[in-house]
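A.B. asks: Let me give you the structure first, and then I'll get to my questions.
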Amino acid sequence: MSRDLICGVVMLVLAVAYTLAAAAIPVSRLADSVGPGGLPQAYGLVLGGLSVLLIARTLLAGRNAAVDGAPRPSEAVEEPDDAGPEDGGRAFLPALVMLAIGAVYLAVVSWVGYPVAIALLVGATIVFRGGRRPAAVAAVAVGAGAVLWLVFVYILQIPQPMGVFTGLGG
Amino acid sequence: MDLSYLTQLLLTTPVVPAAFGGIVWGILGGALPGISPSISMALLLPFTYGMHPSAAVVLLGATYFGAEYGGSIPAILIRTPGTNSAAATLIDGYAMNQQGRAGEALGISLMSGIVGGTVGLVMLVALTEPLSQVALAFRPSSYFALGILGLSVIASLAGDSLLKGLMAGVLGLMIATIGSDPVTGGGRFIFGNADLLSGIPPIIVMVGLYAVTELITDRGTGVQERADQSKARIVFPNAAMWKRIAMPQAIGSVVGLVEGCTPGAGGTVAAFLAYSEARRWSRRKEEFGHGSPEGVAAPEAANTATSKTALIPMLSLGIPGSNSAAILLGGFLIQGLIPGPMLFVQHANIVFDLYVGLAVSIVALLIVGYLIMPPCIWLVNRPKPYLSAAIYALVLSGAYAIGNSLFQVSLVLAFGALGFVMKYLRMPVLPMVLGVVLGFMVESNFRRALVLSGGDLTAFVHDPISAGLLSVSALFILSSAVGRFRKRASVSGKVTT
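Which chain is which? The protein sequence lines are A and B, in order.
Residue 170 is where the first sequence ends in this note's numbering, and the numbering goes up by one at each step.
Residue 1497 is where the second sequence ends in this note's numbering, and the numbering goes up by one at each step.
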């Protein structure tokens, strides 16, 4: 299945779900003639229509290409620079690991506190991205935790979740 | 005001240190993702109590200017827009960085900021009174049309698939509907989550789509890869480059002027409109999106011009057209000064001092902007694993700072994942950003206009400003469509032959 077709199908499903959710928004007595669900439903219908167009265009282009062997129009003008993860599935794993590091940070920051959590995030990211010297990784992680805590909590006076370090600000 | 007053002002009052201090603070705040210009200014507000009144307002005005410029530094260097408006600079600025032209991009950004700021200041001084009348003439139908004009930019910024660009734009509009309904105040698409009631801030979407997506995308670069150190310094434009970026700077300055004195429009709309217009009038359209200096110059000139012209309705009418202008208004009120027509009668000296302070801030931006670049460039030339980790930490810390909520941090990660999927599906993210930024403005004003007109759709045509803006939007879309049709026809011709 081509990326255009996947895109069209995913967007169509999203459009249907969004339109149904928009139709279910309760209308208050204060509502105007358009109502809280009016424009969202219109957006959903427009996205649905565009998705159907994309699916149809991709299927037609595929059929034409099969007939005369010519490249599909969408491919002929596609930008190679903005093509994104070209190696498909293999690119998803590093992305998932990076997101997982962020998710673990989110899960523990309220417990272990911002300085420790951010140091763990920094250390884990360096190791995952290829940093191999344990002493340097540890020093940078601890340093980053301390510097960011100083900058955000003390200099900018922006509280961060401090967990067990609640006495240090936040 | 005579020369002796000016000399006295510059030498005996803290206006000059305030201008420099504001620029330093603003650049730092703007460069930190999550710290918007208004937050940078708000953090300073308590310190202005007891300050010399002129120094206090100059400090805040210079911070606004510095922050609007500062947002472009991380946008160019680490693909993270420090402010909403820097998202437009990011497109070509980061592309230039990837080509080893970071110093050149930063130089163009700085000089365009100086040009935009200077033009904005001249306009602020010359046009405050007459242009303030334009703001008064804006009705909800006009704001709706202004939003549509901003959205019409999608047609030219959609990349090579207009269909996918439009889909991304609609997705952005959908995201903007999350939160309280602009008319009734009831929750929409919040699924019982109170954190969503106030909607999703556009900066969260931008940081996720740009910074996190870039961070999680494995480009397979070497562990110790660094940029060529000889190129890791700021490069000011030479005569040929000045000639090339003069037109985009002029376009950006004019757009910044118009958007600045229109309450609610703001630097983000100005930056994207300027980018689109610079592309439309450029002889090298094909370079836009791939490292065009013009693509850096236009939005930078626009958003820094806006930081000056946004003061026009605030000073003359007391209408703060943006969050930053509202903070500055607060700074005036703290000093017992009430912006509006009487300000020019009762406290003309303060207004003059502000103008002088803002002029000093332009010089300060040139000096501080130049001095701050080498350490910034040095920082981004650290080994990739360490740099990625530092950016990740900064992005997640900044995301929390936006609303003191871990939920917003999770949203940043979610939008990072969405950006990655969109990259895979080859959907442009820029139209989505525009949709998110303009969605609330479009919907709220569309519905308000209909309420005021009793549901009569012709209200959008009867309002001359609305009719004019909608006509310009239609022209934009039409010219983009014709351009695309021609391009497609030429590509098909080449393929066939």
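For glycine and all other residues, C-beta sits at the position ideal for the given N, C-alpha and C.
Would you mind working out which of Leu12(A), Ala139(A), Gly49(A) sits nearest Val116(A), comparing C-alpha positions?
C.D. replies: Nearest to Val116(A) by C-alpha distance, out of Leu12(A), Ala139(A), Gly49(A), is Ala139(A).
A.B. asks: With Lys1384(B) as the anchor, note down where its alpha helix (DSSP H) starts and where it stops.
C.D. replies: 1384-1403
A.B. asks: For Pro30(A), tell me which candidate among Leu1151(B), Gly1186(B), Ile1027(B) has the shortest Cα-Cα distance.
C.D. replies: Per the sequence shown, the amino acid found at residue 30(A) is Leu instead of Pro. Here the closest residue by C-alpha is Gly1186(B).
A.B. asks: Quick one, which residues of the region 1387-1409 of chain B are near chain A if we go by CB-CB under 8 Å, in chain order?
C.D. replies: Ser1388, Ala1389, Ala1390, Tyr1392, Ala1393, Leu1394, Leu1396, Ser1397, Tyr1400, Ala1401, Asn1404, Leu1406, Val1409
A.B. asks: How about Leu1124(B) and Leu1010(B): do their beta carbons lie closer than 8 Å?
C.D. replies: no
A.B. asks: Between which two residues does the alpha helix (DSSP H) holding Asp4(A) run?
C.D. replies: 3-23
A.B. asks: Do Val1015(B) and Gly1357(B) have their beta-carbon atoms positioned less than 8 Å apart in this structure?
C.D. replies: yes
A.B. asks: Using Cβ-Cβ distances below 9 Å, what residues of the region 129-147 of chain A are close to chain B?
C.D. replies: Along the region 129-147 of chain A, going in chain order, the ones with a CB nearer than 9 Å to a CB of chain B are Arg129, Gly130, Gly131, Arg132, Ala136, Val137, Val140, Ala141, Ala144, Gly145.
A.B. asks: List the residues of chain A that Gly1416(B) touches, going by C-beta distances under 9 Å, in chain order.
C.D. replies: Ala95, Met98, Leu99, Gly102
A.B. asks: When the Cα of Leu1328(B) is compared with those of Ala1250(B), Ser1466(B), Leu1045(B), which residue comes out closest?
C.D. replies: Leu1045(B)
A.B. asks: Return the residues of the region 1048-1067 of chain B that lie within a Cβ-Cβ distance of less than 8 Å from chain A, sorted by chain order.
C.D. replies: none
A.B. asks: Quick check: Met1432(B) and Ala1168(B), are their CB atoms within less than 8 Å of each other?
C.D. replies: It is a contact, given that the beta carbons lie within the stated cut-off.
A.B. asks: By Cβ distance below 7 Å, which residues in the same chain neighbour Thr1128(B) in space, the five residues on each side in sequence not counted?
C.D. replies: Ile1312, Leu1315, Ser1316
A.B. asks: Does the CB of Pro1074(B) have a neighbour CB from chain A at under 8 Å?
C.D. replies: With 8 Å as the cut-off, Pro1074(B) does not count as an interface residue toward chain A.
A.B. asks: Quick one: is Leu1430(B) buried, meaning 16 or more other Cβ sit within 10 Å of its Cβ, or exposed?
C.D. replies: buried
A.B. asks: Are the C-beta atoms of Pro115(A) and some chain B residue less than 8 Å apart?
C.D. replies: no
A.B. asks: Using the Cα positions of Ser1085(B) and Pro161(A), report the straight-line distance between them to the nearest angstrom.
C.D. replies: Taken atom to atom, the span from the alpha-carbon of Ser1085(B) to that of Pro161(A) is near 29 Å.
A.B. asks: If you run the structure through DSSP and keep just helix, strand and coil, what is Arg1188(B)?
C.D. replies: Looking at Arg1188(B) - three-state DSSP - the assignment turns out to be strand.
A.B. asks: For Ser1054(B), count the other beta carbons within 10 Å of its own beta carbon; 16 or more makes it buried, fewer makes it exposed. Which is it?
C.D. replies: buried
A.B. asks: Following the continuous alpha helix (DSSP H) through Gly1256(B), name the residue where it begins and the one where it ends.
C.D. replies: For Gly1256(B), the uninterrupted alpha helix (DSSP H) run begins and ends at 1239-1260, by DSSP.
A.B. asks: Quick one: which residues of the region 1429-1443 of chain B get their C-beta closer than 7 Å to a C-beta of chain A? List them in chain order.
C.D. replies: Glu1443
A.B. asks: First and last residue of the alpha helix (DSSP H) that includes Glu1443(B)?
C.D. replies: 1430-1452
A.B. asks: Please report the straight-line C-alpha distance between Ser1466(B) and Ser1161(B), rounded to a whole angstrom.
C.D. replies: Each residue's CA atom was taken as its position, placing Ser1466(B) and Ser1161(B) some 29 Å apart.
A.B. asks: Taking a contact to mean a Cβ-Cβ separation below 8 Å, would you say Leu1413(B) touches Tyr1069(B) in this structure?
C.D. replies: The Cβ-Cβ distance between Leu1413(B) and Tyr1069(B) does not fall below 8 Å.
A.B. asks: Report the partner residues of Gly1179(B) according to the DSSP bridge assignment.
C.D. replies: Paired residues: Arg1188(B).
A.B. asks: Judging by CA-CA distance, which residue of Tyr1370(B), Leu1166(B), Gly1454(B), Ser1480(B) is the nearest neighbour of Lys1285(B)?
C.D. replies: For the residues Tyr1370(B), Leu1166(B), Gly1454(B), Ser1480(B), the minimum Cα distance to Lys1285(B) belongs to Ser1480(B).
A.B. asks: Just the C-alpha distance for Leu1387(B) and Leu1379(B), rounded to the nearest angstrom, thanks.
C.D. replies: Approximately 8 Å between the Cα atoms of the pair.
A.B. asks: If you run the structure through DSSP and keep just helix, strand and coil, what is Ile158(A)?
C.D. replies: coil
A.B. asks: With distance defined between alpha-carbon atoms, name the residue in Ile1039(B), Arg1079(B), Ile1078(B) nearest to Tyr1064(B).
C.D. replies: Shortest Cα-Cα distance from Tyr1064(B) to any of Ile1039(B), Arg1079(B), Ile1078(B) involves Ile1039(B).
A.B. asks: Would you decide whether Ser1471(B) is buried or exposed? Buried here means 16 or more other CB atoms lie within 10 Å of its CB.
C.D. replies: Counting the other CB atoms within 10 Å of its CB gives Ser1471(B) a total below 16, which places it among the exposed residues.
A.B. asks: Just verifying my parser: in three-state terms, what is the DSSP assignment at Gly1172(B)?
C.D. replies: helix
A.B. asks: So with CB distances below 7 Å, who are the chain A contacts of Asp1181(B)?
C.D. replies: Pro36
A.B. asks: By alpha-carbon positions, which one of Leu1043(B), Gly1026(B), Gly1147(B) ends up nearest to Val1437(B)?
C.D. replies: Nearest C-alpha to Val1437(B): Gly1147(B).
A.B. asks: Please look up how many angstroms separate the CB atoms of Thr1048(B) and Gly1331(B), rounded, as I've assumed it's under 8 Å.
C.D. replies: 6 Å
A.B. asks: Is Pro1385(B) close to chain A? Criterion is C-beta to C-beta, closer than 8 Å.
C.D. replies: yes
A.B. asks: Does the beta carbon of Ala24(A) sit closer than 8 Å to a beta carbon anywhere in chain B?
C.D. replies: no
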